[in-house]
DNA sequence: TTGTAAGCGTTATCAA
DNA sequence: TTGATAACGCTTACAA
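Chains as they are written, first to last, in the numbering used here: chain A, 416 to 761; chain B, 416 to 761.
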């Protein structure tokens, strides 16, 4: 590497034309005679010349990449197969739009620098909330972004799920299966943003769980209902499971706010010969890839990850191309995905 | 969007200083008086000024991103939890180096344009082989890259696994468990590169399987040994399973060249009430995340995905920073991961 | 401590 | 069909 870079000037000089001509040879093929074009291309090929993409972007303003803004660092986030589906959804649109995707994550523990410096035409944000500093920086960048999971009052397009209803339906189902003693596991918030804040997503799901409890006269304060928290990873789920099973009053059902946590709990059960759903019922949220391969298959709430992501990507592409958006806020329905991990004990 | 961009000139003009001063305020804090600095920052903050990263890069030459060059498009690749671990490994290094990661995948069905235009300091390539056109373009970009899974004779640093040995050991184990009638499933090659070519990786694993067969006097041509191919996805595995089980002479063991395929086969078995490993033994390759959560837990070959990725990222960072590389070719050992999906029938 | 001005490598505009 | 040349917005010697 670091042989000196070959520039458009080199090519122009060698052939004895202006660099404009070389530039046109690479771009608008029309203007140039076929003979000139092939002469230029031959020389370029021989010298291994590729137009410097940074310089090109400086004038064209078109980059060809969109940024996926993660709420946590890569190492943490990519524990969760959630992101497989999400990125697939984004990718399905990008591939036909000449776009690649960049993963924008905190560096040196700070996301703001990443957002300031990354080279993208637009962002898809995940769980980013308006009061965060990152949000303001995003605005300053004056490039479009679409929010997943957070609908704001402002004019930021968003794609969300009906999390509250999804959580409500799941809890209702668990209650109907006769469970009265329940552990709810919510996830710990992203700390990467160096700000304390409430998570809208978490709150919505909690509200859903609670409203279903209320319907049958229970509440989160009932003795038989206990809430736990853990990191949103497999290991987080395993750890919190240990905690739950060490208590005297064991629940009959565990509701995890995320599949990966539920899978962690199941993994703990497997290791400790706790039979699911015979000894304990477990369910999750998200319907991440492979969540149906657990044994037993995990009952969960499908939140249309792929569709949300591809819709967000489509909206973003429209913004980047200065098209009108037909809708600014799209909400997907959640779907209760009943599989085999909850037992009827009524 | 598309309010006119605020530039360094605007800030300079408003305060009545040169743009150099503004630039220094944002970068080398030393030179500037604290008072001036805060004045500049205040104005910048008020106007929402962020230095244009593209312009900045044009002079600094430092981007802050590395590209992960996928062999297939995103939608296809991200079926495989393999990439979760891989990207985690890369991310673990990037986070401490001020780097984000870009996923470089084919757009409009062509990877070469992506490689030509993406804004990265270096690449990590996956299964990219020297005879591919993409390889040449990569060279032309004159930025460093590190190859995962393909060791070349040339001076491209590489991180590989001992795939041949890993495959050999796995097959040996399966044979020792008494299996003589075996289906081997290999994966179909990436077509995104628009070139037909042999896959070094696939060949190595095949050679490993075959050499173990040979040791007990069998070969790929034996009647009891059948090879299949499918796409390297869960669905691919499900489909090929249907094929395998529709044959008259069913194998007692299925060896998939990739965990995700094996998981697909298991999924098919589950749906069709075929008990693993009672009715059929199954094993995979890779040891991808969640491959131990299947029922029964999948026997496979661990190929140190995370370590390979982080090692490749470390090497790449050294190249980007013009440091000497201590080693140019690193090969990781594979580890036979015996779990519960292969039954002893001897 | 601050200003001047020369790059950086393209593309785009206007002439020719 | 081609050429000059001005952007593009920043960083960084070198001067002051």
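Quick reminder that beta carbons are idealized off the backbone N, C-alpha and C, glycines included.
*Using three-state DSSP, classify residue 493 (chain B) as helix, strand or coil.*
coil
*Does residue 543 (chain B) have its Cβ less than 9 Å from a Cβ in chain A?*
Chain A contact via Cβ: absent.
_Which listed residue (A:513, A:532, A:527 and A:520) has its alpha carbon closest to that of residue 523 (chain B)_ = A:513
*Terminal residues of the beta strand (DSSP E) in which residue 750 (chain B) lies*: 750-752
*asked:* Does any residue of chain B have a CB that is nearer than 9 Å to the CB of residue 452 (chain A)?
replied: no
*Quick one: does residue 683 (chain A) have its CB under 9 Å from some CB of chain B?*
no
*Beta-ladder partner(s) of residue 747 (chain A), from DSSP*: A:576
*Based on Cα-Cα distance, which residue from A:583, A:426, A:477 and A:705 lies nearest to residue 628 (chain A)?*
A:583
*Could you please tell me which residues of the stretch 704-717 of chain A, in chain order, have their CB closer than 7 Å to any CB of chain B?*
So the list reads 705, 708, 709 and 710, given in the order they occur along the chain.
*Return the first residue and the last residue of the alpha helix (DSSP H) that residue 483 (chain B) is part of.*
Not the alpha helix (DSSP H): residue 483 (chain B) falls in the beta strand (DSSP E), residues 480-484.
*Could you check if residue 498 (chain A) is buried or exposed, using at least 16 other CB atoms within 10 Å of its CB as the buried criterion?*
Label assigned to residue 498 (chain A): buried.
*At a cut of 8 Å, does the stretch 576-591 of chain B reach the stretch 740-749 of chain B through at least three beta carbon pairs?*
yes
*Within chain A, partners of residue 692 (chain B) - CB distance below 7 Å*: The contacting residues do not exist; residue 692 (chain B) stays about 14 Å from chain A at best.
_Residue-chain proximity (residue 416 (chain B), chain A), Cβ-Cβ < 9 Å_ = With a pLDDT of only 38 at residue 416 (chain B), under 50, the local geometry of the prediction cannot be trusted, and no value is derived from it.
_Residues bridged to residue 716 (chain B) (per DSSP)_ = Note: residue 716 (chain B) sits in a beta bridge opposite B:751.
*What are the residues of the stretch 477-493 of chain A that lie near chain B, defined by any Cβ-Cβ distance shorter than 8 Å?*
Within the stretch 477-493 of chain A, the residues whose Cβ lies closer than 8 Å to any Cβ of chain B are, in chain order, 478, 479, 480, 488, 489, 490 and 493.
*Would you say residue 567 (chain B) reaches chain A, if we count a Cβ-Cβ gap shorter than 9 Å as a contact?*
no
*According to the neighbour-count rule (16 or more other Cβ atoms, all chains shown, within 10 Å of its Cβ), is residue 600 (chain A) buried or exposed?*
buried
*Quick one: does residue 509 (chain B) have its CB under 9 Å from some CB of chain A?*
yes
*Compare the C-alpha of residue 493 (chain A) against each of B:700, B:496 and B:491 and name the closest.*
B:496
*Report buried or exposed for residue 594 (chain B), applying the criterion of at least 16 other Cβ atoms within 10 angstroms of its Cβ.*
Burial call: buried.
*Enumerated in chain order, which unbroken segments of the alpha helix (DSSP H) with a length of 4 residues or greater are wholly contained in the stretch 613-646 of chain B?*
615-630, all fully within the stretch 613-646 of chain B.
*Starting from the C-beta of residue 417 (chain B), find all residues in its chain whose C-beta is less than 7 Å away, skip the five residues before and the five after it, and write them out in chain order.*
Legend: pLDDT at residue 417 (chain B) = 44, less than 50; position of this residue unreliable, no value from coordinates given.
_Do residue 518 (chain B) and residue 463 (chain A) have their beta-carbon atoms positioned less than 9 Å apart in this structure?_
no
*Indicate the three-state DSSP secondary structure (helix, strand or coil) for residue 538 (chain A) in the structure shown.*
strand
_Distance, residue 710 (chain A) Cα to residue 623 (chain B) Cα_ = 32 Å
*Rounded to whole angstroms, what's the CA-CA distance from residue 682 (chain A) to residue 708 (chain B)? Just pull it up for me.*
7 Å
*asked:* Quick check on residue 649 (chain B) - is its C-beta less than 9 Å from some C-beta in chain A?
replied: yes
*Taking all protein chains shown into account, decide if residue 511 (chain A) is buried (16 or more other Cβ within 10 angstroms of its Cβ) or exposed.*
exposed
_Proximity to residue 727 (chain B) [Cα-Cα], best of B:655, B:503, B:587 and B:664_ = B:503
*Could you name the residues of the same chain whose beta carbon sits closer than 7 Å to that of residue 466 (chain B), not counting the 5 residues immediately before and after it, in chain order?*
423 and 441
_Extract the residue ranges of the alpha helix (DSSP H) inside the stretch 500-559 of chain B, only unbroken runs of 4 or more that lie entirely within it._
526-532 and 548-555
*Measure from the C-beta of residue 515 (chain B) to each C-beta in chain A and report whether the shortest distance is under 9 Å.*
yes
*How big is the Cα-Cα spacing for residue 665 (chain B) and residue 678 (chain B)?*
19 Å
_Buried versus exposed, by CB contacts within 10 Å (16 or more), residue 435 (chain A)_ = exposed
*Tell me where the alpha helix (DSSP H) around residue 433 (chain B) begins and ends.*
Segment: none, residue 433 (chain B) is in no alpha helix (DSSP H) and carries neither H nor E.
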